[in-house]
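K.L.:
Number of protein chains: 2
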Amino acid sequence: MAVYLHDIPLPEALDRFNQALRQGGCDGLLGVEELPLDERLVGRVLAEPVWARLSSPHYHASAMDGFAVRAAATAEAMLNQPVTLICAASAGEKQAAYLDTGDPLPDWADAVIPIENVEPLDEAGLPAANPRRPQVIRIRASVTPWSNVRPMGEDIVATQLVLPAGHVLRPVDLGAAAACGHTHLRLARRPRVAILPTGSELVEIGQPVRPGDIIEFNSLVLAAQVNQWGGEAKRFPITPDRFEDIHRRVQEAAAEHDLVLLNAGSSAGSEDFSARVIASLGEVLVHGVAVRPGHPVILGMVRRSPTVSIPVIGVPGYPVSAALTGEIFVEPLLARWLGRPPQEPLTVEATLTRKVTSPAGDDDYMRVAVGRVGDKLLAAPLSRGAGVITSLVRADGIAILPRGSQGLPAGAPLTVRLYRHPAELERTIFAIGSHDMTLDLLAQFLAGRGRRLASANVGSQGGLVALRRGEAHLAGSHLLDPQTGEYNLSAIRQYLPGRAVKVVALVGRQQGLITARGNPKDIRSLQDLARPEVTFVNRQRGAGTRVLLDYQLSRLGIAPEAIRGYTQEEYTHLAVAAAVASGRADCGLGIAAAAQALDLDFIPLYDEHYELVIPDEIYHSELLAPLFEVLSEPAFRQAVAALPGYDVSRMGELVAEVS
Amino acid sequence: MAVYLHDIPLPEALDRFNQALRQGGCDGLLGVEELPLDERLVGRVLAEPVWARLSSPHYHASAMDGFAVRAAATAEAMLNQPVTLICAASAGEKQAAYLDTGDPLPDWADAVIPIENVEPLDEAGLPAANPRRPQVIRIRASVTPWSNVRPMGEDIVATQLVLPAGHVLRPVDLGAAAACGHTHLRLARRPRVAILPTGSELVEIGQPVRPGDIIEFNSLVLAAQVNQWGGEAKRFPITPDRFEDIHRRVQEAAAEHDLVLLNAGSSAGSEDFSARVIASLGEVLVHGVAVRPGHPVILGMVRRSPTVSIPVIGVPGYPVSAALTGEIFVEPLLARWLGRPPQEPLTVEATLTRKVTSPAGDDDYMRVAVGRVGDKLLAAPLSRGAGVITSLVRADGIAILPRGSQGLPAGAPLTVRLYRHPAELERTIFAIGSHDMTLDLLAQFLAGRGRRLASANVGSQGGLVALRRGEAHLAGSHLLDPQTGEYNLSAIRQYLPGRAVKVVALVGRQQGLITARGNPKDIRSLQDLARPEVTFVNRQRGAGTRVLLDYQLSRLGIAPEAIRGYTQEEYTHLAVAAAVASGRADCGLGIAAAAQALDLDFIPLYDEHYELVIPDEIYHSELLAPLFEVLSEPAFRQAVAALPGYDVSRMGELVAEVS
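Given below as structure tokens:
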């Protein structure tokens with residue numbers, strides 16, 4: 018049976034799925050379980066309202082340490098006309114009795130006088146040895162009935178509604194339920210979700226990997242999501258791409274679970290069996306939803322028994338698609354089964370930093386970094402690739418470019434569904450510019466001081482442009498001026514005319530050629546790049562390293578066309594090193610630390626200054642103060658100095674002020 | 018040894034505590050544990066940064082289902098000048114090879130052409146039977162190097178920072194850690210927290226309660242808080258108020274835990290042993306903090322061994338104080354021990370609905386309900402009592418009235434630290450006015466339709482006043498006009514002059530006398546209230562029931578002074594019933610449902626109309642639409658009709674329009 022991938026809009030996909038769930042009778046609570054009140058119930062969802070069984074307090078309680086009295090007996094008391102009340106039973110009718118806070122009011126009393134407002138006396142009329150066990154008390158003011166008493170039901174009156182059904186339990190809710198006489202709560206049963214990783218290319222975490230092997234971690238992410246949303250996830254072992262094996266696994270999982278997540282094989286490739294398996298066990302409702310990333314999702318129902326079907330979701334294989342499929346399809350389904358409202362992200366309005374394009378046919382889930390620069394909250398698009406899980410890790414939120422839109426211009430307003438607390442955005446330092454490995458160390462040290470460093474690697478020139486546009490707090494830059502031999506100053510004058518900025522030294526570092534271990538092609542200098550058997554990997558235009566290369570090539574009279582791979586551009590030092598490590602190139606120009614990180618050889622050629630360019634108003638801001646603390650912190654300097662090819666002697670120095 | 022309660026300001030208390038922690042060497046991480054990557058790690062805190070061990074992808078991977086090629090070999094291809102590339106090895110040098118998405122790029126290739134852009138052919142030059150296993154492919158466009166390839170390191174380059182230390186793990190973080198070659202993570206050890214309930218008046222949940230018994234649930238709330246904040250709580254059984262027993266328990270707990278919470282006995286009452294126990298085992302640093310509720314808190318250190326001390330917190334016994342002590346003292350301590358930032362509430366700016374007073378010496382943590390009426394976000398103070406745990410359950414947030422302030426006037430701006438998602442506030446219906454038990458049922462039914470009903474019981478007149486001030490969406494009212502016999506209309510004209518409002522029927526209900534079971538004092542009518550041996554319990558001024566009572570008393574010529582207990586006022590029908598049930602009064606005027614709820618007798622006297630008064634602009638709002646749905650829902654009508662003394666025949670009818 019052939020099943021075709023045909024994208025349909027998200028609302029229609031959800032409609033079809035929900036209709037099938039209703040018809041299948043799996044639309045509401047899956048069951049109710051009664052559990053004893055226990056701290057582990059936090060996060061569980063009430064299947065039924067909690068009505069008070071007991072009042073709280075369930076008796077009239079003293080609200081203070083003090084003496085129970087009849088208010089009427091105090092009516093005549095005045096400062097100069099004290100009234101004496103008898104405490105000891107032997108001395109006559111009881112008129113006052115000591116109570117600790119919380120003690121029940123005696124039948125005969127209707128008020129409490131705090132102990133500090135009475136004079137406790139012994140038989141001789143002297144201050145009592147134990148002020149809580151006097152013979153009599155003397156009082157000099159009257160009290161009104163019910164003073165300092167917590168009347169029965171002050172907090173909760175029996176029969177009243179304490180918590181509604183569908184409520185997600187918090188710590189105080191458990192206390193309130195106990196206070197009003199409950200020992201157990203009736204909770205929505207947690208949905209059982211089977212997670213089935215499939216794919217012959219998959220290897221379990223911890224197994225050795227060869228090219229073509231993919232570490233299977235989608236099941237980990239999906240299971241963690243399911244548990245977080247109130248379900249009970251079970252991860253199955255990897256099933257290879259064989260129809261019969263997947264078929265058997267889905268049948269087995271459907272027997273004992275409420276939902277099956279089949280990952281991946283949801284596309285239409287040669288070994289994508291999900292749709293065929295689902296069709297053979299039930300029905301494919303939707304194959305392909307117009308969302309991106311994540312469109313090859315499958316929604317279906319599979320038979321557990323002749324009369325019962327359960328839903329199955331074919332989850333795409335790319336990790337970003339898989340995680341978003343969880344958010345879009347799994348979370349709302351779990352919410353319905355638990356009887357709670359679906360989770361709702363906080364949203365903020367932000368300004369898009371650069372133009373983005375988007376396929377008009379899809380709802381496009383764009384990951385963005387969000388931070389405040391000046392008075393604007395900015396949203397900077399992160400990698401759009403469905404395979405780039407770090408784009409979700411780094412994302413501060415998601416902006417949806419709706420179907421029908423072909424993109425947005427720079428500066429467009431954007432609603433961002435946040436993954437983070439909004440206050441964190443205010444503590445985010447946007448560092449846009451050249452990449453250096455010390456920025457990762459800096460991020461780690463800043464995290465310990467309450468700042469988040471979000472860095473985007475767009476090269477030195479790109480960083481200065483971002484500063485000009487007010488889209489960054491600082492730019493890492495190492496732009497050599499071929500005329501003067503100075504770093505950064507002429508570029509600052511060119512890109513930031515009229516702006517007052519400070520330039521702070523971060524590190525001195527060596528630039529050189531990164532080659533394979535043992536330098537098999539015996540590369541020694543830039544001249545070797547022109548050799549026909551040598552393939553080079555370049556940095557992108559605007560990168561300081563590229564400026565350095567072009568300057569040195571022109572000095573040496575080497576034409577770029579003579580260099581094989583000159584047009585092959587990477588955006589970071591590590592990416593250049595990775596290209597060399599993989600054999601894609603024989604060498605690239607970069608820093609020593611990148612070579613060492615991937616165990617490559619390094620031929621040092623030049624010393625350069627890597628500096629931070631910071632607009633004056635930001636330089637003095639509270640946001641950046643922790644940055645300067647870190648730059649003068651010995652532990653940070655040591656960590657940087659431990660990387661090869663770095664000179665930290667000028668770190669933190671104010672190198673120049675441009676105004 | 019005598020220890021005195023002496024309140025000091027919160028910052029100073031925290032300073033002393035933190036200094037002792039530093040001196041005791043328990044200021045940072047308590048330890049590191051390495052655990053295998055697992056979905057249960059969500060919420061755990063990284064003790065160390067995660068640096069990438071592997072790149073991801075760790076090889077050049079095809080980004081599409083398609084054919085691997087050398088880009089150079091496609092350079093000449095054009096629409097009318099196709100290029101043919103050989104796939105089968107037998108037919109010569111391999112020039113193209115089919116790849117599924119994710120397959121590694123062969124050594125000889127540097128680009129991928131998607132399968133939909135090629136013509137797969139068999140030996141005869143006809144379309145191949147299996148398009149993925151053709152003899153040759155024909156292409157009609159060139160590709161550039163690295164097209165449709167995910168280069169090694171596209172997502173993560175080995176050695177880069179993936180997650181910083183102190184990061185709280187989310188599902189996608191686990192995926193990223195696995196993607197870059199980690200099998201285990203090094204995590205902050207969870208702080209072990211002993212929770213010791215003490216008090217001879219305490220009984221465990223589920224035990225029978227007698228007057229004076231207090232159900233012990235603070236340990237449940239504290240344990241749930243500790244677990245939620247990343248600690249590992251252990252609840253101990255109740256220890257009675259005996260110095261030696263508490264002393265032994267604290268010693269025992271200190272041996273195996275990082276923190277001891279001793280609840281309660283932190284005050285200075287006759288059986289408050291906490292401070293003495295702590296002093297005998299170590300040192301009391303602070304006894305009494307100028308925070309309300311919660312001031313009798315103790316901060317101290319106790320010796321585990323001759324060289325090691327651990328912190329102990331004496332937590333006050335009132336449940337609101339106990340929960341707030343958790344938030345103020347325990348959460349930040351756990352955050353520090355876990356190396357994560359302390360939790361940070363969202364805040365909103367709201368307008369205070371009514372004047373509040375506050376002790377000038379304390380930081381006063383006021384619980385508030387928050388909702389939007391018109392364009393104003395309003396904060397309505399809830400019960401200030403430290404014993405009223407429902408004030409925390411119902412609270413949408415906390416507003417702190419700082420030390421030095423003696424209160425705030427109505428209309429003052431207020432910063433509220435939210436307990437709820439801000440979007441929930443926008444879905445909150447504020448019902449202020451007369452109490453009726455159907456409002457609890459209504460709240461339950463509305464919860465199922467995405468609305469939260471926050472009701473405050475201030476009596477019918479109070480509700481109309483709240484509408485006038487723009488502080489409520491609707492008011493429940495049953496105000497009889499003694500002149501006309503009509504309900505509500507004349508009061509609306511008086512309290513809401515010139516305002517256009519709608520009046521909607523909720524229920525007809527019987528008012529009558531609530532008496533003890535069996536009616537031992539043989540009360541039959543309002544005339545009996547004047548009998549000297551009968552004690553009455555009244556409703557507050559402005560309540561519809563009070564208006565009814567006063568009207569009938571004047572009709573009957575009975576003077577209020579003749580009624581014992583006339584000045585004893587309660588705010589709800591249930592509170593009146595509770596007063597009768599407890600023996601505090603012999604009877605009160607109220608509704609049948611309240612009598613039944615507490616198993617009391619009811620002597621019906623009058624029929625009345627309980628109606629909802631709703632300003633026109635709110636009547637038509639989206640916020641209220643679900644309310645009208647519920648009013649016409651048979652299940653809701655049945656639930657109300659099942660209560661005694663209710664008539665639902667007119668429920669939902671538009672009774673009157675006033676403009």
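For the protein sequence lines, the chains are H and D, in the order given. If you count the first sequence from 1, you need to add 17 to reach the numbering used here. If you count the second sequence from 1, you need to add 17 to reach the numbering used here. Backbone N, C-alpha and C fix where the C-beta goes; we use that ideal spot for every residue, glycine too. Predicted model only: the values in this text are computed from it and were never measured.
If we count Cβ pairs, one from each stretch, closer than 8 Å, do we get three or more for the region 557-571 of chain D versus the region 605-623 of chain D?
P.N.:
Yes, they touch.
K.L.:
What are the partner residues of lysine 538 of chain H, as DSSP defines its beta bridges?
P.N.:
DSSP output for lysine 538 of chain H lists no bridge partner at all.
K.L.:
What residue does the beta strand (DSSP E) around proline 398 of chain H start on, and which one ends it?
P.N.:
393-398 is the span of the beta strand (DSSP E), which, as asked, contains proline 398 of chain H.
K.L.:
Which bits of chain D does leucine 399 of chain H rub up against, with CB to CB less than 9 Å?
P.N.:
Near leucine 399 of chain H there are no residues of chain D at all, since even the closest Cβ is about 11 Å away, more than 9 Å.
K.L.:
Where does alanine 610 of chain H fall in DSSP's three states?
P.N.:
Helix.
K.L.:
In chain H, which residues lie with their C-beta within 7 Å of the C-beta of glutamate 50 of chain D?
P.N.:
Those within 7 Å of glutamate 50 of chain D in chain H number zero; the least Cβ separation is about 18 Å.
K.L.:
For the alpha helix (DSSP H) that contains leucine 660 of chain D, what are its first and last residues?
P.N.:
Premise fails: leucine 660 of chain D is in no alpha helix (DSSP H) and is neither H nor E.
K.L.:
Report the option in D/Glu488, D/Ala611 and D/Val129 whose CA atom is closest to the CA atom of leucine 456 of chain D.
P.N.:
Cα-wise, what sits closest to leucine 456 of chain D is D/Ala611.
K.L.:
Following the continuous beta strand (DSSP E) through serine 494 of chain H, name the residue where it begins and the one where it ends.
P.N.:
Serine 494 of chain H -> beta strand (DSSP E) spans 492-494.
K.L.:
Where alanine 19 of chain H and arginine 149 of chain D are concerned, what is the direct C-alpha to C-alpha distance, given to the nearest angstrom?
P.N.:
At alanine 19 of chain H, the pLDDT of 36 sits below 50, so the modelled position is not reliable; the number obtained from the coordinates is stated separately. Using only the alpha carbons, I get a separation of about 17 Å.
K.L.:
Please report how far the alpha carbon of alanine 659 of chain D lies from the alpha carbon of serine 472 of chain D, in whole angstroms.
P.N.:
Answer to the nearest angstrom: the Cα atoms are 22 Å apart.
K.L.:
Can you tell me whether glutamate 344 of chain H is helix, strand or coil according to DSSP?
P.N.:
If DSSP states are grouped into helix, strand and coil, glutamate 344 of chain H belongs with the helices.
K.L.:
For tryptophan 125 of chain D, count the other beta carbons within 10 Å of its own beta carbon; 16 or more makes it buried, fewer makes it exposed. Which is it?
P.N.:
Exposed.
K.L.:
Run through chain H and tell me which residues come within less than 9 Å of phenylalanine 234 of chain D, C-beta to C-beta.
P.N.:
By Cβ distance, chain H contributes Leu54, Leu191, Gly192, Ala193, Ala194, Ala195 and Ala196.
K.L.:
Under a Cβ-count criterion, where at least 16 other Cβ atoms within 10 Å of its own Cβ denotes burial, should alanine 596 of chain D be classed as buried or exposed?
P.N.:
Classification of alanine 596 of chain D: buried, given that the 10 Å Cβ count is 16 or more.
K.L.:
Whose C-alpha, out of H/Asp624, H/Ala492, H/Phe645 and H/Gly404, is nearest the C-alpha of isoleucine 232 of chain H?
P.N.:
Ranking H/Asp624, H/Ala492, H/Phe645 and H/Gly404 by Cα distance to isoleucine 232 of chain H puts H/Gly404 first.
K.L.:
Can you tell me the Cα-Cα spacing of leucine 302 of chain H and proline 328 of chain H, whole angstroms?
P.N.:
Each residue's alpha carbon lies about 10 Å from the other.
K.L.:
Run through DSSP, which three-state label would tryptophan 354 of chain D get?
P.N.:
Helix at tryptophan 354 of chain D.
K.L.:
Quick one: Cα of lysine 519 of chain H to Cα of aspartate 275 of chain D, how far?
P.N.:
The straight-line gap from Cα to Cα measures roughly 47 Å.
K.L.:
Identify whether tyrosine 335 of chain H lies in helix, strand or coil by the three-state DSSP scheme.
P.N.:
Three-state DSSP puts tyrosine 335 of chain H in coil, outside helix and strand.
K.L.:
Which residue marks the beginning of the alpha helix (DSSP H) containing tyrosine 512 of chain H, and which one marks its end?
P.N.:
Where tyrosine 512 of chain H is concerned, the enclosing alpha helix (DSSP H) stretches over 506-512.
K.L.:
Spatial neighbours of leucine 617 of chain D within its chain, please: CB distance less than 7 Å, with the 5 preceding and 5 following residues excluded, ordered by chain position.
P.N.:
These residues qualify, in order along the chain: Ile531, Thr532, Ala533, Arg534, Ala594, Val597 and Ala598.
K.L.:
Is the region 223-238 of chain H touching the region 114-131 of chain D in the sense that three or more CB pairs, one from each, lie closer than 8 Å?
P.N.:
With the cut-off at 8 Å, the region 114-131 of chain D and the region 223-238 of chain H touch.
K.L.:
Taking the Cβ atom as the reference point for each residue, do leucine 27 of chain D and leucine 186 of chain D lie within a distance shorter than 8 Å?
P.N.:
Not a contact, by the Cβ cut-off of 8 Å.
K.L.:
Roughly how many angstroms separate the alpha carbons of arginine 33 of chain H and leucine 459 of chain D, rounded to a whole number?
P.N.:
Between arginine 33 of chain H and leucine 459 of chain D, the C-alpha separation is close to 32 Å.
K.L.:
Can at least three beta-carbon pairs, one atom from the region 370-380 of chain D and one from the region 198-210 of chain D, be found at a separation below 8 Å?
P.N.:
Not touching, per the Cβ criterion.
K.L.:
Enumerate in chain order the residues of its own chain whose CB-to-CB distance from proline 137 of chain H is below 6 Å, with the five nearest sequence positions on each side excluded.
P.N.:
Excluding residues within five positions, the ones whose Cβ falls inside 6 Å are Ala145, Pro148, Pro151 and Ile154.
K.L.:
Against chain H, does alanine 141 of chain D count as a neighbour if the rule is that its beta carbon must be under 8 Å from one of theirs?
P.N.:
Not one chain H Cβ lies under 8 Å of alanine 141 of chain D.
K.L.:
At a CB distance below 9 Å, what residues from the region 169-187 of chain D approach chain H? Give them in sequence order.
P.N.:
The region 169-187 of chain D vs chain H, Cβ under 9 Å: Met169, Gly170, Glu171, Asp172, Ile173, Val174, Ala175, Thr176, Gln177, Leu178, Val179, Leu180, Pro181, Ala182, Gly183, His184, Leu186 and Arg187.
K.L.:
Mind listing the chain H neighbours of valine 405 of chain D? Cutoff is C-beta to C-beta under 7 Å, in chain order.
P.N.:
Those are Glu171 and Asp172, listed as they occur along chain H.
K.L.:
Check the Cβ of valine 597 of chain H against every Cβ in chain D and list those closer than 7 Å, keeping chain order.
P.N.:
Here the premise fails: no neighbours, minimum Cβ distance about 11 Å.
K.L.:
Nearest by alpha-carbon distance to alanine 272 of chain H: which of H/Asn280, H/Met318, H/Ala241 and H/Gly311 is it?
P.N.:
It is H/Met318 whose Cα lies nearest to the Cα of alanine 272 of chain H.
K.L.:
For a cutoff of 8 Å on Cβ pairs, would you count glutamine 461 of chain H as touching chain D?
P.N.:
Cβ-Cβ to chain D under 8 Å: yes for glutamine 461 of chain H.
K.L.:
Where glutamate 29 of chain H and glycine 421 of chain H are concerned, what is the direct C-alpha to C-alpha distance, given to the nearest angstrom?
P.N.:
C-alpha separation (whole angstroms): 15 Å.
K.L.:
Flag glycine 331 of chain H as yes if its beta-carbon sits less than 8 Å from any beta-carbon of chain D, otherwise no.
P.N.:
By this cut-off, glycine 331 of chain H is not an interface position.
K.L.:
So serine 73 of chain D is in the beta strand (DSSP E); what residue range does that whole segment cover?
P.N.:
Per DSSP, serine 73 of chain D belongs to no beta strand (DSSP E) and is neither H nor E.
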